[in-house]
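In this note's numbering, the protein residues as written are 6 to 98.
Here it is in structure tokens:
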């Protein structure tokens, strides 16, 4: 089993007239780890001691630098195809 760090931020849409009023919640997988403790440790090591900007609390060289916060989740493969599928005889013909 592996664990993934998901970086979370809000992107605001701007047009020629300024802020359009639209925003997008961005959730992006930034790294995977074999152990959950290692993932949490990476997040802790990435945090700034005294962030001046609450929207960017992570170190500049971290994979989380462009995110507001991060969470650790079990890695789930939702789009995997069925394994060894079979068609039953006698259906549809």
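A virtual CB, placed ideally from N, CA and C, is assigned to each residue, including glycine. Being a predicted model, the structure only gives us computed values, none of them experimental.
Boundaries of the beta strand (DSSP E) around residue 18: 8-20. The Cβ atoms of residue 48 and residue 9 do not sit closer than 8 Å to each other. For residue 34, the uninterrupted beta strand (DSSP E) segment begins and ends at 23-38.
Per DSSP, the beta bridge partners of residue 63 are 52. Rounded to the nearest whole angstrom, the C-alpha separation of residue 14 and residue 53 is 17 Å.
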